[in-house]
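Enquirer:
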Amino acid sequence: MGLSAWLGLGRAHRMMRSVDEAIEAVGVALPRFAAFDAVIAEDGRAALVIDSTGAIALVLVRGTRVRARAVDWAMMRQTHAGILVETGDRRFGEVLLAGVTAIDIRRLGMPPLPQREAATIVGVLEPA
Numbered sequence: 009m010g011l012s013a014w015l016g017l018g019r020a021h022r023m024m025r026s027v028d029e030a031i032e033a034v035g036v037a038l039p040r041f042a043a044f045d046a047v048i049a050e051d052g053r054a055a056l057v058i059d060s061t062g063a064i065a066l067v068l069v070r071g072t073r074v075r076a077r078a079v080d081w082a083m084m085r086q087t088h089a090g091i092l093v094e095t096g097d098r099r100f101g102e103v104l105l106a107g108v109t110a111i112d113i114r115r116l117g118m119p120p121l122p123q124r125e126a127a128t129i130v131g132v133l134e135p136a
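The opening position of the sequence shown corresponds to residue 9 in our numbering, with each subsequent residue numbered one higher.
Spelled out as structure tokens, the structure:
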């Protein structure tokens, strides 16, 4: 902990730890983007959020600042380390969402799978 943080000066670094926090962050940076689901990088500093039309926005947290921009599906690709978003915007550059996989992206915006009841064994087979 630095001296300024210990004295209560400055702010702590902001991170996104939940879907709700990512949705709140995009609401700050892009007020008209009505997100309802998100996938967050392992470090909590980047997220992809989706709205009901299927539009995607990239959310970045750097220090205390939150920035966001709309991205196209074609800007994303899978790498060994995670999903790489090639924005083509020098303010954002290429953003790696470490730990996020293509499966996470495919599940983005999908309703959760229903939970099945545990199977019960009705009868026990006797050895012949």
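Think of the CB as a built atom: it goes at the ideal place given N, C-alpha and C, for glycine as much as any other residue.
Since the structure is predicted, the reported quantities are computational estimates derived from the model, not experimental observations.
1) Helix, strand or coil, according to DSSP, for Arg-25 in the structure here?
2) Indicate whether Phe-100 and Val-108 have their beta-carbon atoms separated by less than 9 Å.
3) For Asp-80, count the other beta carbons within 10 Å of its own beta carbon; 16 or more makes it buried, fewer makes it exposed. Which is it?
4) Which partner residues does Ala-89 have in the DSSP bridge list?
5) Taking Glu-116 as the reference, give the member of Arg-85, Gly-62 and Gln-123 with the closest Cα.
6) Just reading off the beta strand (DSSP E) that Ile-64 is part of, what are its end residues?
7) Taking all protein chains shown into account, decide if Gly-131 is buried (16 or more other Cβ within 10 angstroms of its Cβ) or exposed.
Expert: Looking at the coordinates:
1) coil
2) no
3) exposed
4) None, per the DSSP bridge assignment.
5) For clarity, residue 116 is Leu in the given sequence; the question names Glu instead. Nearest of Arg-85, Gly-62 and Gln-123 to Leu-116, Cα basis: Gly-62.
6) 64 to 70
7) exposed
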